[in-house]
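*Asks:* What follows is a structure written as structure tokens; I'll ask about it next.
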Amino acid sequence: SFPDISNRTVALLSMPKGRYQHLKRLQPLLANQSEDCLTLNIYVPGSGSRGLEAPYSIFFYIHGEAYDWGSGNPYDGSVLASYGHVIVVTVNFRLGILGFLKTCASASPVGSGGNLGLMDITLALQWVRDNIGAFGGDPKRITVVGHDTGAALANMVLISKAGKGLINRAILLSGSALSPWALVPDPDAIRMEVSQQMACHLLVDPPPGKPARKPSTDDITECLRDKPLEALMGVRLHAVRFMPSWGPFLPLEDSLDPEFAMEHSGEGFITSELMLGMTTTESYNDFSASDIQYGLEEEQRNRLLRTYIRNAFTFHLNEIFSAVRNEYTDWDKPIQHPINIRDSTMEALSDGHTVAPLIKVAYLHARRGAKTYMFHFAYQTKETEYPQRLGSIRGEDLPYVLGLTLVQGGPSFGQNFTRQDMGVNEAVLNFVTNFCKTGDPNEAGHQAPLLHPDYGTAKERTRFRGITWDTFETTTQQYLSISTKPKMRSHYRGHKMALWLNLIPQLHRPGDQDVSMRHHHFREREPHYYAAHSCTFTEMVR
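Numbered per the working numbering, the sequence shown finishes at 1459, counting up by one with no gaps.
The following block contains the structure:
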């Protein structure tokens, strides 16, 4: 459900001030939602099929924020469509208990046992393929774009059999199917909890005209169909820190491992060009306003890292914690300042839950010979709601991808954008729309003119125009750093990525069969060793 921001003081105990302001803007845009949510918003440039560059390529946007709340409606695609000469489609799909509850214990026909939100997205793509020609669109040039949880969903559709033939290109922003938060680890436990709350395990009198239902916790589909929507929406699960309460789950069709699918199968994955992007501080919103302002003491950092590792991993937690703490400690300074500890903790969480998994996806894609592009959105908006920060923050790239700085952010991203911001936005728009049209951010089907002579200085515009964006290769791992001085770089946070992608996977192994699970658990078991208001996934569904 949407975060409770009714009391500002309480809300700031769990989020930064900038996040609070963003949610305040989103809240009225998400009002009056209903179960009848399977709709699309279509933004067409010019005069439809008679316009410039028709038939147009398609920018199909899957919103993020969370698996249990959100909408495609707040993300205005009119600027991107108008300036980029592409058709923008934003999609709505079922969320929370309606979209991601596993209702059957055993294998069931596709779609009948859960993951309905993913099915909605796939069906929306089929509709676009079959009907977008009526809007002047090209069904053979569909680029799926996702941000945050939307990127994880886009990645899952990309590797699925159901998505085959529906997607030509993909852009994953700040998320992937390999992030620890991308999948719910124990959907059966959630089904059992929902069964308890909805009394599906009890024998009750059926509604008039319906046959008696056999009590069950194995298949609760029929039980839930008898419940009013208000009762379903009233189901509450305790939050697990850094992890979703609701979300997609395995198997995805017949795949039990998204990484295996990307390595060995996933035909749609290797036949689609792929662009991936991240910001500097992907974990910024995981901290409180006080954490941002005053920093963290070492014990606060340790509690946060223990909590993250306990909820994201299963084996050798003590060893993983020691490795992460060691890597993200500045050993040249005998006394750590709280602000420095805050920054290094942000970096550790950013790398663990978003950046390293994203780079892993890029590596798997490039290793199979597919065309891959990566960028780091390093640019920081000049007049921002995020003071005292470490670089660009999660979601800061979105208004630039959608072109919304050119209209002062619109209702979702309202702030005062400068001429320099707009100059950077022009470059991002060109890269994104070129990729949608041709699969190469450097090549435009039609070279768009400057959006406006006032957007940035001539020198700033020339910096981007002189850049050639090279592909991400497994050896060089090149990526574009988008800032006021754009530059191709290689091996983003290379040493720290080696920790997450090489060392930790070696540590995260069960070991011999005679090793008990107690060996893998943290030695520190008392609650005060962990972040406040956090629980394990098992505790969540007790």
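All residues carry an ideal CB built from backbone N, CA and C; glycine is no exception.
1. With a cut-off of 8 Å, do at least 3 Cβ pairs link the segment 1183–1198 to the segment 1274–1289?
2. Assuming TYR877 and PRO962 are in contact, meaning their beta carbons sit under 8 Å apart, how far apart are those beta carbons, in whole angstroms?
3. With 16 as the cutoff for other CB atoms within 10 Å, does GLU1215 come out buried or exposed?
4. Identify which residue in PHE1389, THR1350, PRO1403 has its Cα closest to the Cα of ALA998.
5. For the structure I just gave you, are there three or more beta carbon pairs, one from the segment 1061–1071 and one from the segment 977–989, closer than 8 Å?
6. Name the residue from ILE1014, SER1407, VAL1003 whose alpha carbon lies nearest to the alpha carbon of PRO1056.
7. Less than 8 Å between the beta carbons of PHE1017 and GLY1031, yes or no?
8. For the alpha helix (DSSP H) that ASN1342 lies in, which residues bound it at each end?
9. When DSSP builds the beta bridges, which residues end up paired with ASN1009?
10. Alpha carbon to alpha carbon, how far is MET1405 from ARG1153? Give it in angstroms, no decimals.
11. Smallest Cα separation from PHE1166: which of THR1388, GLN1113, GLU1313, ALA1099?
12. Evaluate LEU1042 with the Cβ neighbour count: other Cβ atoms within 10 Å of its Cβ, from every protein chain shown; 16 or more gives buried, anything less gives exposed.
13. Let me confirm a value: THR1225 is counted as buried when at least 16 other C-beta atoms fall within 10 Å, else exposed. Which label applies?
14. Can the beta-carbon of PRO1175 be found closer than 8 Å to that of VAL1101?
15. Let's test the definition: count the other Cβ atoms within 10 Å of the Cβ of TYR1211 and tell me whether it reaches 16, buried, or not, exposed.
16. Return helix, strand or coil for SER923, following the three-state DSSP convention.
17. Measure the alpha-carbon distance for GLU952 versus LEU1012 and round it to whole angstroms.
18. Return the chain-ordered list of same chain residues with a C-beta closer than 7 Å to the C-beta of GLN1430, the five sequence neighbours on each side being excluded.
19. Taking only three categories from DSSP, how would you classify LEU1296?
20. Taking all protein chains shown into account, decide if LYS941 is buried (16 or more other Cβ within 10 angstroms of its Cβ) or exposed.
21. Skipping 5 residues on each side, what residues in its chain have a beta carbon closer than 6 Å to that of LEU1033?
22. Would you mind reading off the limits of the alpha helix (DSSP H) that contains GLU952?
23. Below 8 Å, can you find three or more Cβ-Cβ pairs linking the segment 1107–1115 to the segment 1319–1336?
24. Can you list, in chain order, the residues of its chain whose CB lies under 6 Å from that of SER1200, leaving out five sequence neighbours each side?
25. Bridge partners for GLU1190 per DSSP, in chain order?
26. Whose C-beta lies closer than 6 Å to the C-beta of GLN938 among residues of the same chain, with five residues either side of it excluded?
27. Secondary structure at PHE1232, three-state DSSP: helix, strand or coil?
28. Compare the C-alpha of GLY1082 against each of GLY1054, THR1039, ASN1359, SER1400 and name the closest.
29. As a quick exercise: from GLU970, ASP1247, GLN1297, pick the residue whose alpha carbon is nearest that of GLY1001.
30. In the DSSP output, which residue or residues are listed as bridge partners for CYS1021?
31. Where does PHE1066 land, buried or exposed, given buried means 16+ other C-beta within 10 angstroms?
32. Inspect the beta-carbon positions of ILE1252 and ILE1421 and report whether they are closer than 8 Å.
33. Can you tell me whether ARG925 is buried or exposed? The criterion is at least 16 other CB atoms within 10 Å of its CB, across all chains shown.
34. If we ignore side chains and look at the alpha-carbon of each, how far apart do GLU1300 and LEU1307 end up?
35. Which whole-angstrom value is the C-beta distance of ALA1448 and ARG1158, which I expect to be below 8 Å?
36. In chain order, what residues of the same chain have a beta carbon less than 6 Å from the beta carbon of THR1298, not counting five sequence neighbours either side?
*Replies:* A quick look at the data gives this:
1. yes
2. Because the chain is modelled from 918 through 1459, residue 877 falls outside the range shown and cannot be assessed.
3. Residue numbering aside, residue 1215 sits at position 298 when the sequence shown is read from its first letter. Answer is exposed; the Cβ neighbour count stays below 16.
4. The count along the sequence shown starts at 1 and reaches residue 998 at position 81. It is THR1350.
5. yes
6. On the sequence shown, position 139 is the one that residue 1056 refers to. Nearest C-alpha to PRO1056: VAL1003.
7. The residue given as residue 1017 occupies position 100 in the sequence shown. The residue given as residue 1031 occupies position 114 in the sequence shown. It is a contact, given that the beta carbons lie within the stated cut-off.
8. Here the question's residue 1342 lines up with position 425 in the sequence shown. Residues 1336–1355.
9. Locating residue 1009 in the sequence shown gives position 92, where the first residue counts as 1. Partner(s): none; ASN1009 has no beta bridge.
10. Counting from one through the sequence shown, the residue named residue 1153 turns up at place 236. Counting from one through the sequence shown, the residue named residue 1405 turns up at place 488. Those two C-alpha atoms are separated by around 47 Å.
11. Here residue 1166 refers to the residue found at position 249 of the sequence shown. The candidate whose alpha carbon is nearest that of PHE1166 is ALA1099.
12. The residue you call residue 1042 lines up with position 125 of the sequence shown. Label assigned to LEU1042: buried.
13. For this step, residue 1225 is matched to residue 308 along the sequence shown. Note on identity: in this sequence residue 1225 is Tyr, with Thr being the wrong assignment. Buried is the call here.
14. As a position in the sequence shown, residue 1175 is number 258, starting the count at 1. As a position in the sequence shown, residue 1101 is number 184, starting the count at 1. Not in contact: PRO1175 and VAL1101 (Cβ atoms no closer than 8 Å).
15. By one-based count along the sequence shown, residue 1211 stands at place 294. Answer is exposed; the Cβ neighbour count stays below 16.
16. Within the sequence shown, residue 923 is the residue found at index 6, counting from 1. Of the three classes helix, strand and coil, the one that applies to SER923 here is coil, per DSSP.
17. Within the sequence shown, numbered from 1, the residue matching residue 952 stands at position 35. Within the sequence shown, numbered from 1, the residue matching residue 1012 stands at position 95. Those two C-alpha atoms are separated by around 10 Å.
18. Locating residue 1430 in the sequence shown gives position 513, counting from the first residue. Result list for GLN1430: empty, nothing under 7 Å.
19. As a first step, residue 1296 is located in the sequence shown; it is residue number 379 there, counting from the start. Checking the sequence, you will find Tyr at residue 1296 rather than Leu. Correct three-state label for TYR1296: coil.
20. One-based indexing of the sequence shown puts residue 941 at position 24. When all chains shown are included, LYS941 counts as exposed.
21. For the purposes of this step, residue 1033 is identified with residue 116 of the sequence shown, where counting begins at 1. Result list for LEU1033: ARG1011, GLY1016, in chain order.
22. By one-based count along the sequence shown, residue 952 stands at place 35. Premise fails: GLU952 is in no alpha helix (DSSP H) and is neither H nor E.
23. no
24. Residue mapping note: residue 1200 aligns to position 283 of the sequence shown, counting from 1. Around SER1200: MET1263, LEU1266, SER1267.
25. On the sequence shown, position 273 is the one that residue 1190 refers to. Note: GLU1190 sits in a beta bridge opposite ARG1086.
26. In the sequence shown, counting from the first residue as 1, residue 938 sits at position 21. The answer, listed in chain order, is GLU1302.
27. Taking the first residue of the sequence shown as 1, we reach residue 1232 at position 315. PHE1232: coil per DSSP, three-state reduction.
28. For this step, residue 1082 is matched to residue 165 along the sequence shown. Ranking the options by Cα distance to GLY1082, first place goes to THR1039.
29. As a first step, residue 1001 is located in the sequence shown; it is residue number 84 there, counting from the start. Nearest option by C-alpha distance: GLU970.
30. As a position in the sequence shown, residue 1021 is number 104, starting the count at 1. Looking at the DSSP assignment, CYS1021 forms a beta bridge with ASP1136.
31. Along the sequence shown, read from residue 1 onward, the residue named residue 1066 stands at position 149. Checking the sequence, you will find Thr at residue 1066 rather than Phe. Flag for THR1066 reads buried.
32. In the sequence shown, residue 1252 corresponds to position 335, counting from 1. In the sequence shown, residue 1421 corresponds to position 504, counting from 1. For ILE1252 and ILE1421, no; Cβs fall outside 8 Å.
33. Reading the sequence shown from its first residue, position 8 is the one you call residue 925. Per the 10 Å Cβ criterion, exposed.
34. For this step, residue 1300 is matched to residue 383 along the sequence shown. For this step, residue 1307 is matched to residue 390 along the sequence shown. Cα-Cα distance, rounded: 15 Å.
35. For the purposes of this step, residue 1448 is taken as residue 531 along the sequence shown, with counting starting at 1. For the purposes of this step, residue 1158 is taken as residue 241 along the sequence shown, with counting starting at 1. Right, the Cβ-Cβ distance comes to about 6 Å (below 8 Å), so this counts as a contact.
36. What you label residue 1298 is simply residue 381 of the sequence shown in a count that begins at 1. ASP1338, listed in sequence order.
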